[in-house]
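At position 222 of the sequence shown the residue is numbered 222 (our numbering), and the sequence of numbers has no breaks.
Beneath this line is the structure, given in structure tokens, with notes to follow.
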Amino acid sequence: MSIENDLELTKLYDSKYVLNVFNPTPIAFTRGKGVWLYGTDGRKYMDMIGGIAVNSLGHGDKELTTAIANQAKKLIHCCNYYMIPQRSELAFKLCNKSFADKVFFCNSGAEANEAAIKIARGYFYYKGHPEKNEIITAKMSFHGRTMATIAATGQEKFRTPFEPVVPGFKYVEYNSIEAIENAVDEKTCAVMLELIQGESGVHPADIEYIRKLKELCLNRGILLIFDEVQTGIGRTGRLFCYEHYKVVPDIMTLAKGLAGGVPIGAMLCTDEVASGMRPGDHGSTFGGNPLACTAGNVVMDKLNSPDSGIIANVNAVSSYLFEQLNALKSKYPQITDVRGKGLLIGIEFDGSIQAAGMKTLLMQNGFLVSAIGTSTIRIAPPLIITQREAAMFVTALNKILKKRK
Ligand SMILES: Cc1ncc(COP(=O)(O)O)c(C=O)c1O
1 MSIENDLELT KLYDSKYVLN VFNPTPIAFT RGKGVWLYGT DGRKYMDMIG GIAVNSLGHG
61 DKELTTAIAN QAKKLIHCCN YYMIPQRSEL AFKLCNKSFA DKVFFCNSGA EANEAAIKIA
121 RGYFYYKGHP EKNEIITAKM SFHGRTMATI AATGQEKFRT PFEPVVPGFK YVEYNSIEAI
181 ENAVDEKTCA VMLELIQGES GVHPADIEYI RKLKELCLNR GILLIFDEVQ TGIGRTGRLF
241 CYEHYKVVPD IMTLAKGLAG GVPIGAMLCT DEVASGMRPG DHGSTFGGNP LACTAGNVVM
301 DKLNSPDSGI IANVNAVSSY LFEQLNALKS KYPQITDVRG KGLLIGIEFD GSIQAAGMKT
361 LLMQNGFLVS AIGTSTIRIA PPLIITQREA AMFVTALNKI LKKRK
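What follows is the structure, given as structure tokens:
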């Protein structure tokens, strides 16, 4: 028997040999189809978390898997010393559909944010202002786990054990333009924000806040960085979340859903900002490889094809979910808030329901979600989820809450 079907051996090896940073739930999956994951326990689960906003096209998408398999047979990796047509094509598609003129490819969200932080500093360095090297970020933000991105992350718990962290970051209250105005000084080079704070509980930024922030950045000559690692690639019902705000950044980072599950990250910027890096200043062995970019090209093609209707589906299922979840909120006072955009939704409970407990109950009922903090569960299902499937989730949540009444 292969280990793939042997949960006991997996658990043994995991506890013995895998660094314990995830504390995983003891379930493993052998395959997926659409929004469904099939467990080694013989059960099927609805993947309402989508690999944490990664499996944009769902599991086992035919075009994606065929393209990956074909590309793997031809060429998986080729180093950046040479031209990579799949990379050029994906860069073209991303620029064509966004504010950006240039793209740097890497392998994860944290790496994309590292590139954003470096290019923002490099931009002012090459302009003769190396003193402009501070970045303002928001309290309760999340930008990754590398040394610079934990420094950018406005949550002490991610930094404290690993101090000293990279200097040059200031944290301000989210959704407060005054807080940013007060923090900006002659050393500020950029403001870096998530348009929806995903990891700290799905908190969207206000429209007015982002519009005033753009004005402030223009007036003070500061770069604006949107971390769209979680919100990008159709997740919020637009290809990029910034489109809801009608505000363009100077730099944007992407990862998660961009290649439908194949590791990828991307830092996008304007031609003006691109002067902040010169040949040799940055790089990545794997970044922009033919396999990942092939996957990215399929995701971009499918999201942007009018025939696929994927983004329209995100909006339709999102409206349905918000309506239904708000109806549950009216029915059960234990639900205190339903928030988010598109298919990135946080459901907050009062003190009588613990997020971890609700996550377990939902899992026992066949639904996978993530728990954030003590009181919020987050859902970020594949963008192809149908209304019928979403209804099954709502029914399960209703059933659980009814039992607790
Ligand atoms: C907004 C945001 N930025 C960055 C990251 C880090 O991405 P990765 O885990 O791919 O490094 C995440 C991951 O959850 C995220 O949500």
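For each residue, glycine too, the CB sits at the ideal point set by N, CA and C.
In this text, all values refer to a predicted model and were calculated from it rather than measured experimentally.
Problem - Contacts around Ala371, its chain only, beta-carbon distance under 6 angstroms, and the 5 residues preceding and following it disregarded - result: Counted from its first residue, the sequence shown places residue 371 at position 371. Taken in chain order, the residues that qualify are Ala355, Ala356, Lys359, Ile377.
Handout entry: C-alpha distance - Gly221 paired with Arg31, whole-angstrom precision
Key = As a first step, residue 221 must be located in the sequence shown, where it is residue number 221. As a first step, residue 31 must be located in the sequence shown, where it is residue number 31. If you draw a straight line from the Cα of Gly221 to the Cα of Arg31, it is about 50 angstroms long.
Exercise for the section: Note the first and the last residue of the continuous alpha helix (DSSP H) segment covering Asp227. Expected result: Within the sequence shown, the letter at position 227 stands for residue 227. Not the alpha helix (DSSP H): Asp227 falls in the beta strand (DSSP E), residues 223 to 227.
Handout entry: Beta-carbon proximity check, Asp227 vs His129, cutoff 7 angstroms
Key = Within the sequence shown, residue 227 is the residue found at index 227, counting from 1. Within the sequence shown, residue 129 is the residue found at index 129, counting from 1. No, they are not a contact pair.
Practice task
From the DSSP output, in three-state form, read off Thr236 for me.
Solution key: The residue given as residue 236 occupies position 236 in the sequence shown. If DSSP states are grouped into helix, strand and coil, Thr236 belongs with coil.
Exercise for the section: Mind checking who Asp47 pairs with in its DSSP beta bridge? Expected result: Counting from 1 along the sequence shown, the entry for residue 47 is found at position 47. Asp47 pairs with Leu368.
Problem - Residue from Val314, Lys405, Gly276, Ile384 whose Cα sits closest to the Cα of Met46 - result: Position 46 of the sequence shown, counting from 1, holds the residue named residue 46. Selected option, being the one with the closest Cα: Ile384.
Practice task
Measuring alpha carbon to alpha carbon, tell me which of Lys97, Gly122, Thr25, Lys341 ends up nearest Gly237.
Solution key: Numbered from 1 along the sequence shown, position 237 holds the residue referred to as residue 237. Nearest C-alpha to Gly237: Lys341.
Exercise for the section: Would you be able to state if there are at least three C-beta pairs under 8 angstroms between the region 99 to 114 and the region 266 to 286? Expected result: Per the Cβ contact rule, the region 266 to 286 is in contact with the region 99 to 114 (3 or more Cβ pairs under 8 angstroms).
Problem - Beta-carbon gap between Gly154 and Ala380 smaller than 7 angstroms - result: Locating residue 154 in the sequence shown gives position 154, where the first residue counts as 1. Locating residue 380 in the sequence shown gives position 380, where the first residue counts as 1. Cβ distance not < 7 angstroms, so Gly154 and Ala380 don't count as in contact.
Handout entry: Cβ-based neighbour list, Met140, same chain, cut-off 8 angstroms, excluding 5 preceding and 5 following
Key = For this step, residue 140 is matched to residue 140 along the sequence shown. Same-chain partners within the cutoff: Gly154, Gln155, Tyr174, Gln197, Ser200, Gly201, His203.
Practice task
Indicate, with yes or no, if ligand 1 has a heavy atom lying under 6 angstroms from the CB of Gln155.
Solution key: For the purposes of this step, residue 155 is taken as residue 155 along the sequence shown, with counting starting at 1. Because no heavy atom of ligand 1 lies under 6 angstroms away, the Cβ of Gln155 does not count as near it: no.
Exercise for the section: Give the straight-line distance between the Cα atoms of Ala274 and Ile27, rounded to the nearest whole angstrom. Expected result: Taking the first residue of the sequence shown as 1, we reach residue 274 at position 274. Taking the first residue of the sequence shown as 1, we reach residue 27 at position 27. Each residue's Cα considered, the two are about 44 angstroms apart.
Exercise for the section: Please confirm whether any heavy atom of ligand 1 lies closer than 6 angstroms to the CB of Ser318. Expected result: The residue given as residue 318 occupies position 318 in the sequence shown. No, since every heavy atom of ligand 1 falls outside the 6 angstroms radius drawn around the Cβ of Ser318.
Problem - Pro85 versus Pro290 - alpha carbon distance - result: Here residue 85 corresponds to residue number 85 of the sequence shown, with the count starting at 1. Here residue 290 corresponds to residue number 290 of the sequence shown, with the count starting at 1. Taking the straight line joining both Cα atoms gives about 8 angstroms.
Exercise for the section: State the beta-bridge partners of Ala138 as determined by DSSP. Expected result: Along the sequence shown, read from residue 1 onward, the residue named residue 138 stands at position 138. DSSP output for Ala138 lists Val172 as bridge partner(s).
Exercise for the section: Taking only the alpha-carbon atoms, compute the straight-line gap between Tyr126 and Gly276 and give it to the nearest angstrom. Expected result: Taking the first residue of the sequence shown as 1, we reach residue 126 at position 126. Taking the first residue of the sequence shown as 1, we reach residue 276 at position 276. Taking the straight line from one Cα to the other gives about 6 angstroms.
Handout entry: Cut-off 7 angstroms between Cβ atoms - residues of its own chain near Ile68, not counting five sequence neighbours on either side
Key = Taking the first residue of the sequence shown as position 1, residue 68 is located at position 68. Cβ neighbours of Ile68 within its own chain (closer than 7 angstroms, five residues either side excluded): Val262, Leu291, Thr294, Ala295.
Problem - Option in Leu239, Asp350, Lys212, Pro333 with minimal Cα separation from Ala300 - result: Position 300 of the sequence shown, counted from the first residue, corresponds to residue 300. One detail in the question is off: residue 300 reads as Met in this sequence, not Ala. Taking only the C-alpha atoms, the option nearest Met300 is Leu239.
Exercise for the section: For Gly58, collect the residues of the same chain with a Cβ closer than 7 angstroms to its Cβ; drop the 5 residues on either side in sequence, then sort them by chain order. Expected result: If you number the sequence shown from 1, residue 58 lands on position 58. Closer than 7 angstroms at Cβ, skipping near neighbours: Gly34, Val35, Pro382, Ile384.
Problem - Closer than 6 angstroms: Phe104 CB and nearest ligand 1 heavy atom - result: As a position in the sequence shown, residue 104 is number 104, starting the count at 1. Checking the Cβ of Phe104 against ligand 1 gives no.
Problem - With 16 other Cβ atoms within 10 Å as the buried cut-off, status of Phe349 - result: Counting from 1 along the sequence shown, the entry for residue 349 is found at position 349. Classification of Phe349: buried, given that the 10 Å Cβ count is 16 or more.
Problem - Distance CB(Ser375)-CB(Leu343) smaller than 7 angstroms - result: Sequence index remark: in the sequence shown, residue 375 carries index 375 (1-based). Sequence index remark: in the sequence shown, residue 343 carries index 343 (1-based). Cβ distance not < 7 angstroms, so Ser375 and Leu343 don't count as in contact.
Practice task
Give the straight-line distance between the Cα atoms of Gly42 and Lys187, rounded to the nearest whole angstrom.
Solution key: Indexing the sequence shown from 1 puts residue 42 at position 42. Indexing the sequence shown from 1 puts residue 187 at position 187. For Gly42 and Lys187, the distance between alpha carbons rounds to 58 angstroms.
Handout entry: Identity of the residues DSSP links to Pro204 by a beta bridge
Key = As a first step, residue 204 is located in the sequence shown; it is residue number 204 there, counting from the start. Answer by DSSP bridge pairing, in chain order: Ile196.
Problem - Whole-angstrom C-beta distance between Ala255 and Gly109, which should lie under 8 angstroms - result: One-based indexing of the sequence shown puts residue 109 at position 109. One-based indexing of the sequence shown puts residue 255 at position 255. Yes, they are in contact, since the Cβ atoms of Gly109 and Ala255 sit about 4 angstroms apart, within 8 angstroms.
Handout entry: Neighbourhood of Glu243 by C-beta distance below 8 angstroms, restricted to the same chain and skipping five residues each side
Key = By one-based count along the sequence shown, residue 243 stands at place 243. Around Glu243: no qualifying Cβ.
Exercise for the section: Over the uninterrupted alpha helix (DSSP H) stretch that includes Ala183, give me the two end residues. Expected result: For the purposes of this step, residue 183 is identified with residue 183 of the sequence shown, where counting begins at 1. Ala183 -> alpha helix (DSSP H) spans 177 to 183.
Exercise for the section: Please find out if some non-hydrogen atom of ligand 1 comes closer than 6 angstroms to the beta-carbon of His203. Expected result: Along the sequence shown, one-based indexing puts residue 203 at 203. No, Cβ of His203 sits at least 6 angstroms from all heavy atoms of ligand 1.
Practice task
Using 10 angstroms around the beta-carbon of Ile76, count the other beta-carbons present and answer buried if the total reaches 16, otherwise exposed.
Solution key: If you number the sequence shown from 1, residue 76 lands on position 76. By the 10 Å Cβ count, Ile76 comes out exposed.
Practice task
Tell me whether Val191 sits in a helix, a strand or coil according to DSSP, three-state version.
Solution key: Counting from 1 along the sequence shown, the entry for residue 191 is found at position 191. Strand, per DSSP.
Practice task
With DSSP collapsed to three states, give me the class of Phe29.
Solution key: Here residue 29 is taken as the residue at index 29 of the sequence shown, counted from 1. The answer is strand: DSSP assigns Phe29 an E or B state.
Practice task
With a 10 Å radius around its C-beta and 16 neighbouring C-beta atoms as the bar for buried, classify Tyr245 as buried or exposed.
Solution key: The residue given as residue 245 occupies position 245 in the sequence shown. Tyr245 counts as buried, since no fewer than 16 other beta carbons sit within 10 angstroms of its beta carbon.
Exercise for the section: To the nearest angstrom, report how far apart Thr10 and Lys44 are at their CA atoms. Expected result: Against the sequence shown, residue 10 aligns to sequence position 10. Against the sequence shown, residue 44 aligns to sequence position 44. Thr10 and Lys44: Cα-Cα distance of roughly 19 angstroms.
Problem - Collapsed DSSP secondary structure at Thr376 in the structure displayed - result: Translated into the one-based positions of the sequence shown, residue 376 becomes position 376. Reduced to three states, the DSSP call for Thr376 is strand.
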